[in-house]
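Number of protein chains: 2
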Amino acid sequence: MAEPAERSLIFPRAEYQRRTHALQAKMAVAGQDLLLLTTPADVFYTTGFLTRFWESPARPWYNLIPAKGDPIAVIPAIGADLMGRTWIDQIHTWPAPDPHDDGVGLLASVIADQVPEGGRIAVPMGLETQLRAPLADFETLKSHLSGRRFVDGTDTLHRVREVKSEAEVAAVRESCAIAGRAFDRVATFAHTGVSVAEVFRSFQMALLQEGADWVSYVAGGAGQGGYGDVISPAAEKPLERGDVLMLDTGAVRNGYFCDFDRNYSIGPVAADTARVQEALWLATERALQDMRPGMRACDVHHMLTETLQSHVATPLGGRLGHGLGVTLTEWPSFTALDQTVLVEGMVLTLEPGVEIAPGRTLVHEENIVLRADGPELLTPRAPQDLPELM
Amino acid sequence: MAEPAERSLIFPRAEYQRRTHALQAKMAVAGQDLLLLTTPADVFYTTGFLTRFWESPARPWYNLIPAKGDPIAVIPAIGADLMGRTWIDQIHTWPAPDPHDDGVGLLASVIADQVPEGGRIAVPMGLETQLRAPLADFETLKSHLSGRRFVDGTDTLHRVREVKSEAEVAAVRESCAIAGRAFDRVATFAHTGVSVAEVFRSFQMALLQEGADWVSYVAGGAGQGGYGDVISPAAEKPLERGDVLMLDTGAVRNGYFCDFDRNYSIGPVAADTARVQEALWLATERALQDMRPGMRACDVHHMLTETLQSHVATPLGGRLGHGLGVTLTEWPSFTALDQTVLVEGMVLTLEPGVEIAPGRTLVHEENIVLRADGPELLTPRAPQDLPELM
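And the structure:
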């Protein structure tokens, strides 16, 4: 479009400028002349470009953070109008998908203008990163820019993205509130005889009615006294007395996720389930009291597992919480191995899980922002006792 | 879990065996000893592993197609239970995310057992592919397997995935029927004064009520006599008389997508919009009559643009249709450049678009399966005249 487009941004321009400057400060320290971003989350984070069109894997999209100045988008022509309504002014496009050259020549020439021979181009390459572009295109790009070095930009990106501004915290809080209201309505549609698949559908509708723009993630399960796993799609099996139902959601509002679950007992709660429910609630409570900036991710893992074990509960093997924001999950991970230092402004999930018996688990989850004096809850706190449904 | 798990597959085991054998036949011709797959679509296609957990970018997942025998999954431990309920028996797991080695050592050793020194490992690297794993991990994998060659597996994968079985056609048809019923209800919630954002929410609820498992994609727009672009999220602006409203959806049932849109006029239709509506409807009609296996993707592009131009309408610059199946969009692309030969069994969208004036477009979309004697519609055919809403 030729005419100047109306801006359409979730946050003020200053928020995106702050992010760009923070990335550029890290780049300067690391000696990086340009940061090349390709994923939906990274492009949204740096430009404000919000679309569900990423669902189509057909086309790569690139956003460049130069050493100085505003980001430069190199994107398929179909996105020019929408990108023109963000804060980005430098937008280069090509008619994608092009089987001969799907934007690589254009991208190389834009980068060459920004990075001198001998310069360093940072691309996120480490844990929890992906290059959302064809591998062969990346090899071609490297050969076009053979005088420059490609280096790992993971640390540059992660140390900035993991610290949320107050505007971002408010956005996650809003998504959490939406899901909280939807969880409050579960008793109206989940009861004995209704299939878990129907419960999933009704829950997604409740999330939309409560204000979610879209529902990127719903998982859960139901089983006698506990469920088998937490990533399965819904079963057609009807709920029965004695089942524990778990619903977990990543609902999205303004591009920001919540990620938490709630558990419900269909009829009275079994004694061993109630005991584990108590242990999980207390483990979360301990973290809500004792987590502080300066601790490492592995320290929180230790705190959660220790509390569970002190209540004679067997912690699940996977991570017991993680970062959260413009994707359903972000680094760090509350595992025994993750040494990431927690800092003020991180938005995190606390997700302790327990194996009651083989194939029977129970998982709790809350979302928090870490403040100087400890966690501030973003989710309405789960009840201490498992709510009973009919 | 130690006990044998109940199988939970959308299609019979024979469907997955057929896919594996088809890939292995292509691999044999290309001299490839193993095909390494990483994306949600490719893993789902070859294993039946269906989960929304891909929404978390934290962990890579690998599925290996060996030269002979069944696929081998190398996946995070959190997926062991669900993968155990597919048809896959060989499942290797690691406790992801692991900051020291996130499954690369394990993956290298499993591949080394399958591919002799000097052998060739195919990875999709071309147009419309991505490696859903950290770049640094791929480099480490290559160094672990330095005696083997990594080659492009795009053609192997695409020539198999693009030809749908009758079971797959039925799955897309079901998603199309669900969306068709939801489109029929648009008049009940979209009218003057309602914001496009509210229409998007109501439409997503209608899709769920009509049987969608989840709604991976909704886009659209509204504007006087046509809309500005087709990938934007919903605006808060209320619908007004004279607007054309477009809704486009990729609703998912059993892991298979539909991808089509419908247009509605708020109040009476402007004369130039009605004329373009007619041209678009006739362009689709021509393709529905004349498309045949053996044509190239660019021939369909030519057919659509020629018909539009003969009705004095200006075709949009992007692609005018594409493949469809386990992702919202698949190859080929109806562009002037795509030489892909169309074959029987391809599921495709016909998506002609017209620019009425700068910033005012109209786009139609239908989904078809290509038969020996031409297209079979999978969508309920759009009405020839633009329906009017109050």
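Here the protein sequences line up with chains P and V, keeping their order.
Taking numbering that gives the first Met the number 0, the leading residue of the first sequence gets 0, the next gets one more, and so forth.
Taking numbering that gives the first Met the number 0, the leading residue of the second sequence gets 0, the next gets one more, and so forth.
No residue lacks a Cβ here, since even glycine has one placed at the ideal position from N, Cα and C.
None of these values were measured; they are calculated from a predicted model.
Query raised in the report: Mind listing which residues of the region 114 to 140 of chain V have their C-beta closer than 9 Å to chain P's C-betas, in chain order?
Result: Against chain P - using a Cβ distance shorter than 9 Å - the residues of the region 114 to 140 of chain V are V122, P123, M124, G125, L126, E127, T128, Q129, L130, R131, A132, P133, L134, A135, D136, F137, E138.
Query - Residues bridged to P:G322 (per DSSP) - result: Per DSSP, P:E329, P:L347.
Query raised in the report: Quick one: Cα of V:A13 to Cα of P:G358, how far?
Result: 28 Å
Query raised in the report: Would you say V:P56 and P:R318 are within 8 Å of each other, going by their C-beta atoms?
Result: no
Query raised in the report: Which residue's Cα is closest to the Cα of V:W213: P:L207, P:E209, P:R200?
Result: P:R200
Query raised in the report: Is it buried or exposed for V:A312, if we count other Cβ within 10 angstroms and need 16 for buried?
Result: buried
Query - Beta-carbon proximity check, P:K67 vs P:V159, cutoff 8 Å - result: No. Outside cutoff.
Query raised in the report: Can you tell me whether P:S215 is buried or exposed, with buried defined as 16 or more other CB within 10 angstroms of its CB?
Result: buried
Query raised in the report: Counting contacts by CB-CB distance shorter than 8 Å, is P:M290 in contact with chain V?
Result: no
Query raised in the report: For a contact meaning CB atoms closer than 9 Å, what does V:G316 contact in chain P?
Result: Result: A76, I77, P94.
Requested in this report: Would you tell me roughly how many angstroms separate the C-alpha atoms of P:L336 and P:H301, rounded to the nearest one?
Outcome: 10 Å
Report task. Compute the Euclidean distance between the alpha carbons of V:G324 and V:V168, then round it to the nearest angstrom. Result -> 8 Å
Requested in this report: Anything in chain P within Cβ reach of V:I230, meaning under 7 Å, just list it in chain order.
Outcome: The answer, in chain order, is T50, F52, I77, G78, L81.
Requested in this report: Compare the Cα-Cα distances from P:P115 to each of P:L303, P:T191, P:T304, P:G30 and report the closest residue.
Outcome: P:G30
Query raised in the report: Counting Cβ pairs closer than 8 Å, one from the region 238 to 256 of chain V and one from the region 284 to 298 of chain V, do we hit at least three?
Result: no
Report task. Mind listing the chain V neighbours of P:M204? Cutoff is C-beta to C-beta under 9 Å, in chain order. Result -> Q203, M204, L207, Q208
Query raised in the report: Looking at C-alpha atoms only, which residue of V:Q383, V:T248, V:P65, V:L140 is the closest neighbour of V:L106?
Result: V:L140
Report task. Taking P:P65 as part of the alpha helix (DSSP H), name the residues at either end of that continuous run. Result -> Premise fails: P:P65 lies in the beta strand (DSSP E), 61 to 65, not in any alpha helix (DSSP H).
Requested in this report: Report yes or no: is there a C-beta of chain V within less than 8 Å of the C-beta of P:Y61?
Outcome: no
Query raised in the report: Candidates P:P374, P:T378, P:L130: which alpha carbon is nearest P:H363's?
Result: Checked all of P:P374, P:T378, P:L130; the closest Cα to P:H363 is P:T378.
Requested in this report: Kindly indicate which three-state DSSP category P:D372 falls into: helix, strand or coil?
Outcome: coil
Query raised in the report: Which full runs of the beta strand (DSSP E) of 3+ residues lie inside the region 120 to 199 of chain V, going along the chain?
Result: 148 to 151
**Report entry** Beta-carbon proximity check, V:H143 vs V:L388, cutoff 8 Å
**Finding:** no
Query - Contact between the region 28 to 46 of chain P and the region 114 to 130 of chain P (3+ Cβ pairs under 8 Å) - result: Touching, yes.
Query raised in the report: Residue range of the alpha helix (DSSP H) that P:R274 falls in?
Result: 270 to 289
Query - Same chain, Cβ closer than 8 Å to P:T19, five either side skipped, listed in chain order - result: T45, I64, D69, P70
Query raised in the report: Are the C-beta of P:H20 and some C-beta of chain V separated by less than 8 Å?
Result: No, no contact with chain V.
Report task. Quick one: list the residues of chain P neighbouring V:D101, beta-carbon separation under 7 Å, in chain order. Result -> Taking the beta carbon of V:D101 as reference, the chain P residues within 7 Å of it are L126, listed in sequence order.
Report task. Use the C-beta contact count for V:G293: other C-beta atoms within 10 angstroms, 16 or more gives buried, fewer gives exposed. Result -> exposed
Requested in this report: Tell me V:D242's beta-bridge partners as DSSP assigns them.
Outcome: V:Q223
Query raised in the report: Does the distance from the C-beta atom of P:A273 to that of P:L385 stay below 8 Å?
Result: yes
Query - Reference V:Q308, options V:A282, V:E329, V:F202, V:E197, closest by Cα - result: V:A282
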